[in-house]
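One structure is given below, encoded as structure tokens.
Spelled out as structure tokens, the structure:
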């Protein structure tokens, strides 16, 4: 989808009036040509016009085949859902959209906080720029040719520790860049690669790029980690573990600097050789992360038997956790499961301050998402680290004051627990008074 100056937006709701209200709300942030419609008129609009964005209001009130109908008639559209029913969890809608291969951008609450909507619109705009090249699905042969031509490379999205904002590492993501600067979205080439053996050299390319980047960081006195997703086919391939071991020695890197991610949904029924190779990777000292936790169907028994060092919570548990009690409960329980198994817990898809606060309350260890930083090419990694660290230094050394004026960036990342106020005589006096009052009240009660 290319996000034009005047995009076409279809708004599906229970009634025309509700669709109109939803159009006005979203229209204040996302300009475009809005067409409200009720479910009874849906077919007529779906077949008549190609829409850039489709907005679904209260999907729990609509028939169950709405997503399938959208997929059949508008396969390239971007979908945003608004749901006022707190009992309908975003994860269920996300899973249904994934099964149908619908491009679900986000599930938002009603009423929707402005910053949540702004974050979604920003994601739509960025995705439109990335998809500015021809976005027709690529064949395995085309993917292989692009790989040989050096068009596919690793970009790096940062991960930070939520307790103090320290950078812990990056995730390597595949990006296809054309000579004219346009970018093909992963969805047009990753599926073809995964359906063929091309996924093996593509994954090895990402791992090689990651090790080169880690070597550059090491020369700058930065000891960080990079996560790379590997499919079952890659993990089952011949000599994969020995190849990684050889690459680590070649680049003189510690094994702990590489984390191999495997998606939870693909763990179910995994061959014993795959589990054996994951175990060998752990024995070498690499990390193993269970990605998209909560979207698969692995049992807790299966999870406890996996040689994992990390649990990565899917974005569907993060989005909405700040305002939906059910989502917050699922998020908190997922974190407790991970910590109970002795695993590091990472939350992905942290896009707003509300998301950050929600995962902080759930006691997640690390976060990843647009609120922290987007995926970026190798040349931008060290400058981004320097910029991030300088902002954290300002926050940590800043002395709170009633008259202090913070910059917008400082306000964005400000968290009170990052500040330490040295004790003084007045502070001790106030503390003594409070303790005395508490003791008196305790006797009275």
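Numbering (this note's numbering), first residue to last: 17 to 461. Ideal Cβ positions, reconstructed from N, Cα and C, are used throughout, including at glycine.
Between the CA atoms of residue j and residue i - distance to the nearest angstrom
i           : j           : result
residue 246 : residue 403 : 30 angstroms
residue 153 : residue 141 : 21 angstroms
residue 228 : residue 167 : 17 angstroms
residue 97  : residue 331 : 15 angstroms
residue 35  : residue 63  : 19 angstroms
residue 111 : residue 179 : 30 angstroms
residue 298 : residue 135 : 37 angstroms
residue 218 : residue 188 : 12 angstroms
residue 358 : residue 175 : 20 angstroms
residue 290 : residue 65  : 46 angstroms
residue 221 : residue 292 : 23 angstroms
residue 396 : residue 406 : 15 angstroms
residue 205 : residue 333 : 27 angstroms
residue 17  : residue 296 : Residue placement at residue 17 is poorly supported in this model, since its pLDDT is 43, which falls under 50; the coordinates still yield a value, given next. Cα-Cα distance, rounded: 42 angstroms.
residue 119 : residue 50  : 19 angstroms
residue 261 : residue 250 : 15 angstroms
residue 265 : residue 234 : 14 angstroms
residue 85  : residue 123 : 18 angstroms
residue 318 : residue 44  : 47 angstroms
residue 355 : residue 193 : 39 angstroms
residue 303 : residue 294 : 9 angstroms
C-beta atoms of residue i and residue j nearer than 8 angstroms
i           : j           : result
residue 131 : residue 369 : yes
residue 326 : residue 275 : yes
residue 345 : residue 363 : no
residue 240 : residue 269 : no
residue 301 : residue 323 : no
residue 26  : residue 73  : no
residue 61  : residue 93  : no
residue 42  : residue 133 : yes
residue 383 : residue 372 : yes
residue 83  : residue 113 : yes
residue 70  : residue 28  : yes
residue 173 : residue 321 : no
residue 392 : residue 400 : yes
residue 139 : residue 159 : no
residue 155 : residue 208 : yes
residue 90  : residue 54  : no
Whole-number beta carbon distance between residue j and residue i, since they are thought to touch under 8 angstroms
i           : j           : result
residue 305 : residue 341 : Their Cβ separation, rounded to whole angstroms, is 28 angstroms, which puts residue 305 and residue 341 out of contact at 8 angstroms.
residue 191 : residue 169 : 6 angstroms
residue 366 : residue 388 : 7 angstroms
residue 339 : residue 125 : 5 angstroms
residue 75  : residue 99  : 6 angstroms
residue 224 : residue 263 : 7 angstroms
Start-to-end residues for the beta strand (DSSP E) that takes in residue i
i           : result
residue 329 : 326-329
residue 95  : 94-99
residue 210 : No beta strand (DSSP E) holds residue 210; the alpha helix (DSSP H) holding it covers 206-210.
residue 64  : Not the beta strand (DSSP E): residue 64 falls in the alpha helix (DSSP H), residues 58-64.
residue 122 : 119-125
residue 276 : 274-279
residue 197 : Looking at the DSSP string, residue 197 is not in any beta strand (DSSP E), and its letter there is neither H nor E.
residue 305 : 303-309
residue 24  : 23-29
residue 181 : From DSSP, residue 181 is part of no beta strand (DSSP E); its letter is neither H nor E.
residue 52  : 48-54
residue 71  : 69-73
Residue i: first and last residue of the uninterrupted alpha helix (DSSP H) it sits in
i           : result
residue 167 : Note, residue 167: premise wrong, no alpha helix (DSSP H); not H, not E.
residue 260 : 256-267
residue 293 : 288-300
residue 36  : 32-43
residue 321 : 316-321
residue 249 : 248-251
residue 83  : 82-89
Note to self: In chain order, what are the residue ranges of uninterrupted beta strand (DSSP E) at least 3 long that sit wholly in the segment 337-404?
What the structure shows: 360-364 and 382-384
Next item on the list: Give, in chain order, every unbroken run of the beta strand (DSSP E) that is at least 3 residues long and sits entirely within the segment 218-246.
Entry: 241-245
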